[in-house]
Amino acid sequence: MGKLLSAWSGRANRPTPAMTIEKNSFLSMQTTEELAQLLARCALKDRRAFESLYRASSAQLFSLVLRIVKDQDLASEVLQESYVKIWNRAGDFRLDLAKPLTWMGAIARNQAIDLIRRSSSQPVTASEPIEEFNWIADDTAGPLN
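For what it's worth, our numbering labels the leading residue of the sequence shown as 1, then goes sequentially.
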């Protein structure tokens, strides 16, 4: 699996999703059944099927992820993580429940959302000491007292 990932991890070794969509519209030539067959072959750890699946779907998945994370470098990272999950979970795909691109899109979308959650869950610290905010709570009697 490490060799598989290294083949797609280097920018020089793999076309970016944007380049893929400009070069051809391979995705439009792929039918739902063909993508499902590629996923079935990926479940059997067929690397060539995985490469074909990547070439057929990466542009659309990259576009989806980019709309969520709004940063090309982060979108590329999320896309790579998504394809790792797709590779590992290809055997879970069921054509009777979803179309292949819908299933892969859900994985990519969830990866993007998880990234946003992780980055926004960092604790926020006050720029001033708490003592500076003692004016917020007023001890004087208010309209309810």
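Cβ coordinates follow ideal geometry from the N, Cα and C atoms, glycine included.
When secondary structure is reduced to three states using DSSP, residue 94 falls in the coil class, being assigned neither helix nor strand.
About 19 angstroms separates the beta carbons of residue 118 and residue 64, which is beyond the 8 angstroms limit, so they are not a contact pair.
The three-state secondary structure of residue 73, taken from DSSP, is helix. Three or more Cβ pairs closer than 8 angstroms define a contact, and the region 66-74 falls short of that threshold against the region 34-42.
For residue 115, the enclosing alpha helix (DSSP H) stretches over residues 100-120. Residue 95 and residue 81 have their C-alpha atoms some 22 angstroms from each other.
Approximately 16 angstroms separates the beta-carbon atoms of residue 85 and residue 60; this is outside 8 angstroms, ruling out the contact.
A residue is called buried when at least 16 other Cβ atoms come within 10 angstroms of its Cβ; residue 53 meets this threshold and is buried. For residue 35, the enclosing alpha helix (DSSP H) has its first and last residue at 32-43.
Within the same chain, Cβ atoms closer than 7 angstroms to the Cβ of residue 115 are found at 69, 74, 78, the five residues on either side in sequence being excluded.
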